[in-house]
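> First the structure, then my questions, so here it is.
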Amino acid sequence: MNNIKITLPDGSENEYPAGTTLIEIAKGISPRLGKEALVAKVNGQLMDMGSPIKKDASVEFLTFEDEEGKQVYRHSTSHVMAQAVQKLFPGVKFAIGPAINDGFYYDFDVIDTFTPDDLAKIEKEMEAIIKANLPFERFELPRPQALALFEESGQNYKVELIEDLPDDAILSFYRQGDFTDLCAGPHIPSTGRLRAVKLLNVAGAYWRGSEKNKMLQRIYGVSFPKKAMLDEYLFRIEEAKRRDHRKLGAELDLFSIQDEGPGFPFFHPRGMILRNELEKYWREEHQKRGYQEIRTPIILNRALWEQSGHWDHYRENMYFTKIDEADYAVKPMNCPGSIMVYNNRLHSYRELPIRLAELGLVHRHEMSGVLHGLMRVRCFTQDDAHIFMLPHQVREEITGVIDMIDDFYKVFGFSYHVELSTKPEKAMGADEIWELATGALRDALEAGGLNYKVNEGDGAFYGPKIDFHLEDSLGRTWQCGTIQLDFLMPEKFNLSYVGEDGQKHRPVMIHRVVFGSIERFIGILTEHYAGAFPAWLAPVQARVIPITDRHAGYAREVVGRLDKDGIRVDLDARSEKINYKIREAQAQKIPYMLVIGDKEVDHCAVAVRHRVRGDLGAIPIGEFEEKLLEEIRVKAY
RNA sequence: GCCACUAUAGCUCAGUAGGUAGAGCGCAUCCUUGGUAAGGAUGAGGUCACCGGUUCAAUCCCGGUUAGUGGCUCCA
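Every position in the first sequence, counted from 1, becomes a number in our numbering once 398 is added.
The structure is reproduced here in structure tokens:
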């Protein structure tokens, strides 16, 4: 028998008889690898561990430590779940069951709805399947047999999937025990490799993700090779709940959303401090960068929205009203208003670019099911700006905005990723214009050396966009900043500037936001900092805590002095024990607590306690004040 | 909008085989004057989300509405 040569990632080579399986090779390298390897990459291609190798190849074994190993592990778990469901719910129809970010899901079509009790039963059944250590067996079928297999068993979703595969596709199947599924694979060697599985929740999900299709029942779950990893995952979920901006927003008295206005948040005094600080910073930065601030009306005539294209493309998201018999709309976007300002007089090419910024309150009718705290609301303030410019200024302006957004996010310590969104289905304008605009955005991204992913069909109806996505505490990402290049609105509104030649020309327009919406940004900030806002944003920056009533006089002096210098300070002069008052200040995540007793009164000092660093000892009041003002000035966090 | 679940005091949650409810925290008053995460006593707070049905009787059972939660779809 021939020998073949196997090359490992470290460059070492070994010879094996042709036809040796991957699992045997792994075991030969080390027993531990034999136990931990889930799949292998053979010449860059993922394969089952049971596959025999017949030719020379480079082989890399993947475990749960590898991203692709994780994917396979989770995907195999979804098959085990499907097998359990098949046993407990005869007649169930299977849709799809992929691995996802943290775990896996499988979509089922069943008559009864799954209850939490059912999940427990399914989990139990899964444990039995895992214990039985059933091998995952791969086999292939020609198309007619494959179709027959699923038609016979009434698996119409699988039939549909097969019909949509190209004619020359290899139809592979995986079987463990009495469960067989259409699947490209690969899979782990056997069900016994699974350890810690937990089913999390049931949710409705449309077949193929379209709301026109039937809604199926999706079960989400997670799966790990070690119990400790599952525990850690569950702990992370709990931690995320503690950081939830909706919970913290109520506890810290930042905002509320009430039945009288679903999706329309109320900002409380403390929340307004946050907002105002963000806006102050925003105004400073925009002034520095040559923006001029405007404010445009919230309600404008319907004719304007017909002209802008919103009437045709955005109507179902808009609110309407009547004034003196005429139709008006509440603005869902600020661009038409900004355009009205630009168009109010003639502009010379010498003036361009003109950067008009607006903290604009927009209203959008979002579907009731999508509302989510401050992250998804029905009215929000966009930190908008529209840049009107000459065609050759596009690149520089886009780069300027990209830099600005980066500067902003750095201040908060955010990491983000960038996406380029292209022409959507419900778009306005010709393909050539879209290609031109999309190309310009791509050029700017590449010139800036930014990594980005392309998000097909996700652009605005009037133009493609660059999106900046921030992560929240649950690892969900939220679109915040966007840059949209628009050749269409200038057309629709007949925008012009007078060029060097004395003729009228068409300017190009950029729409952009940095925070995105102030509301959403505050939600993300709250979770990011777990409510412990850096001093420059903290609604209360310092709390003065006298130990007994006889220290209250001096405490009031301290408060007066700090307050005079613009520090947000309050006083807790209640006749409570100091432990109690400190506990409360800690719970409210106030950055500094200034404890005042006899010693501090004698020395004109304050005993400083920081919410994280703890007791910092007594220092002269002036010294504390100086340090805090500096911390605020540099926006330290 | 769709699927599932939920709604009891300001907050977190008990509770009733159907007979109009209870704890802890918070709040108020008093006592306590205490050096870095809960001192004590007393007290006030609820049309049990809303509308209808079944019943002698509904917070509880049934239907609907509204809102919230987790997803799906959609989005800043």
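Ideal Cβ placement from N, Cα and C applies to all residues, glycine included.
1) Could you tell me the alpha carbon to alpha carbon distance between Glu1024 and Ile994, rounded to whole angstroms?
2) Let me check understanding here. Comparing Cα to Cα, which of Ala626, Ile404, Asp579, Val938 lies closest to Val967?
3) Determine the DSSP secondary structure at Glu794, reduced to helix, strand or coil.
4) May I ask you to report which of helix, strand or coil DSSP gives Ser894?
5) Apart from the five residues on each side of it in sequence, which residues of its chain come closer than 6 Å, Cβ to Cβ, to Glu521?
6) Just to confirm my understanding: we take Cys581, look at its own chain, exclude 5 residues before and 5 after, and list those with CB closer than 6 Å. What are they?
7) By a C-beta neighbour count over all protein chains shown, 10 Å radius and 16 as the cutoff for buried, is Glu649 buried or exposed?
8) By the 10 Å Cβ neighbour count, where 16 or more other Cβ atoms means buried, how is Thr475 classified, buried or exposed?
9) Between which two residues does the beta strand (DSSP E) containing Gln615 stretch?
10) Please state if the CB of Gly827 and the CB of Leu759 are separated by a distance shorter than 8 Å.
11) Just list the residues that DSSP pairs Thr875 with in beta bridges.
12) Given that a residue counts as buried once 16 or more other Cβ atoms are within 10 Å of its Cβ, and exposed if not, what is Ser915?
13) Along the chain, where does the beta strand (DSSP E) containing Tyr850 start, and where does it finish?
14) At 4 residues or longer, and completely inside the segment 901-953: list those alpha helix (DSSP H) runs for me, N to C.
15) Thinking Glu795 and Met787 are a contact (beta carbons under 8 Å), I'd like their distance in whole angstroms, please.
16) Count the CB pairs spanning the segment 944-956 and the segment 676-689 that are closer than 8 Å, and state whether there are at least three.
17) Compute the Euclidean distance between the alpha carbons of Glu917 and Ser819, then round it to the nearest angstrom.
18) If you run the structure through DSSP and keep just helix, strand and coil, what is Cys733?
19) Using a threshold of 8 Å, state whether the C-beta atoms of Gly602 and Leu532 are closer than that.
20) Measuring alpha carbon to alpha carbon, tell me which of Phe913, Arg904, Glu525, Tyr850 ends up nearest Gln780.
21) I believe Cys733 touches His867 by the beta-carbon criterion, under 8 Å. Please report the beta-carbon distance rounded to the nearest angstrom.
22) Let me confirm a value: Pro667 is counted as buried when at least 16 other C-beta atoms fall within 10 Å, else exposed. Which label applies?
23) Which class does Asn742 belong to by DSSP, given the choice of helix, strand or coil?
24) So, helix, strand or coil for Val440, using DSSP?
25) Measure how close the beta-carbons of Glu538 and Leu569 come, nearest whole angstrom, since I'm counting them as under 8 Å.
26) Assuming Leu702 contacts Val896 under a Cβ cut-off of 8 Å, what Cβ separation, rounded to an integer in Å, is found between them?
27) Would you mind reading off the limits of the beta strand (DSSP E) that contains Leu698?
28) Using the Cα positions of Val739 and Ile692, report the straight-line distance between them to the nearest angstrom.
29) Helix, strand or coil: how does DSSP classify His585 here?
30) Leaving aside the five residues before and after Lys979 along the sequence, list all residues of the same chain whose C-beta is less than 6 Å from its C-beta, in chain order.
31) Could you have a look at Phe459 and say whether DSSP puts it in helix, strand or coil?
32) Give the secondary structure of Leu406 by DSSP, where H, G and I count as helix, E and B as strand, and everything else as coil.
33) Counting only the same chain and skipping the five closest in sequence on each side, list residues whose C-beta sits under 6 Å from that of Tyr618.
34) Given this structure, state the Cα-to-Cα distance separating Phe534 from Val470, to the nearest angstrom.
35) Taking Pro695 as the reference, which of Gln615, Gly735, Phe665 has the closest Cα?
36) Using a 10 Å radius around the Cβ and a threshold of 16 neighbouring Cβ atoms, would you call Ala493 buried or exposed?
Straight from the coordinates:
1) 18 Å
2) For Val967, the nearest C-alpha among the options comes from Val938.
3) helix
4) coil
5) Leu597
6) Tyr572
7) exposed
8) buried
9) 613-622
10) No. Outside cutoff.
11) Glu869
12) buried
13) 850-853
14) 916-926
15) Contact check for Glu795 and Met787: beta-carbon distance about 6 Å, within the 8 Å limit, so the pair qualifies.
16) no
17) 23 Å
18) In this structure, Cys733 counts as helix in the three-state DSSP scheme.
19) no
20) Closest in C-alpha terms to Gln780, from the list Phe913, Arg904, Glu525, Tyr850, comes Phe913.
21) So it is not a contact: roughly 22 Å between Cβ atoms.
22) exposed
23) coil
24) strand
25) 6 Å
26) Contact doesn't hold; Cβ gap of about 24 Å is too wide.
27) 697-699
28) 8 Å
29) coil
30) Ile943, Asp970
31) strand
32) coil
33) Tyr503, Leu598, Asn599
34) 12 Å
35) Gly735
36) buried
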